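Structure first, then comments.
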Amino acid sequence: MDINRNAPAIASVEAYVEAPLSVVWAVHTDLRVWPEWNSDVASITFSGPLSPGTQFRWKAGGVPITSTLQKVDPERQIGWTGRTPLGIHAVHTWTFEPEGEGTRVRTEESFDGFLVRILAGPMRRMLAASLDRGVAALKREAERRAREGAAPRVSAIMRRFGR
67 MDINRNAPAI ASVEAYVEAP LSVVWAVHTD LRVWPEWNSD VASITFSGPL SPGTQFRWKA
127 GGVPITSTLQ KVDPERQIGW TGRTPLGIHA VHTWTFEPEG EGTRVRTEES FDGFLVRILA
187 GPMRRMLAAS LDRGVAALKR EAERRAREGA APRVSAIMRR FGR
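Our numbering applies: residue 67 is where the sequence shown begins, and numbers increase by one.
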């Protein structure tokens, strides 16, 4: 799946996350708890399977969005399209690759629509800032969960060796 490369507003962000791919994927694809770790997401309603065609409704940046999953390739890529009442049409992809002990995360999003065309510069800046915050939030949460998951194993090993 790819974003709309001809859209007037496009942004992408890439980051290295110090957590295994399985943890990063689990955090990102548990949509129901996005508001717990991503302050940009105020609410979300998701009740279907994590598969293409499933819709979810959420509110981000104060704007209600209706999205439809378009691609779900476990531990590789997830992507959706979305529409807002303001006439913004979004295409958003997330790609995940194992890298060393962690995960390389890349997200890209395109915005199109009348409002985006007349306010392209501000919309590009807003989109880029939103993706920066989203990737940073995912990184924090996945790394936190990876640390918490590792701590009990380390403690058990230390106890086994009498330390």
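Glycine included, every Cβ here is placed at the ideal spot set by N, Cα and C.
In this text the structure is predicted, and so the values were computed from the model without any measurement.
In the same chain as Lys137, and ignoring 5 residues on each side of it, the C-beta atoms closer than 7 Å to its own belong to Met67, Pro118, Gln143, Ile144 and Gly145, in chain order. Taking Val129 as the centre and dropping the five residues before and after it, the same chain places the C-beta of Thr150 closer than 6 Å to its C-beta, in chain order. When the beta-carbon positions are compared, Ala73 and Leu197 stay at least 7 Å from each other. Contact annotation, Ser133 with Thr147: C-beta distance approximately 7 Å; criterion of less than 8 Å satisfied.
Ile69 is not a Cβ neighbour of Val182, given a cutoff of 7 Å. Contact between Val93 and Arg211 holds: CB atoms are separated by about 6 Å, below the 8 Å threshold. Excluding the 5 residues flanking it on each side, Met189 has same chain C-beta neighbours closer than 6 Å at Ala75, Phe177 and Val182, in chain order.
Taking the Cα positions, Arg206 is about 23 Å away from Arg191. Leu116 places its beta carbon 7 Å or farther from that of Pro164. Restricting attention to Glu80, Val83, Glu84 and Leu135, the CA atom closest to the CA of Leu97 is found in Leu135. Separation of the CB atoms of Tyr82 and Gly168 is rounded to 6 Å, and the pair is thereby assigned contact status at 8 Å.
The Cβ atoms of Ala202 and Val89 lie no closer than 7 Å to each other. When secondary structure is reduced to three states using DSSP, Ser88 falls in the helix class.
Per the coordinates, the alpha-carbon of Ser109 lies some 14 Å from the alpha-carbon of Gln121. With respect to Val107, Ala126 sits close: the two C-beta atoms are nearer than 7 Å. Listed in chain order, the beta strand (DSSP E) elements of length 3 or more contained wholly in the region 87 to 169 are 107 to 111, 121 to 126, 129 to 139, 143 to 149 and 155 to 165. Sequence-distant Cβ neighbours of Trp160 in its own chain, meaning closer than 8 Å and more than five residues away, are His94, Gln143, Ile144, Gly145, Val171, Arg172 and Thr173.
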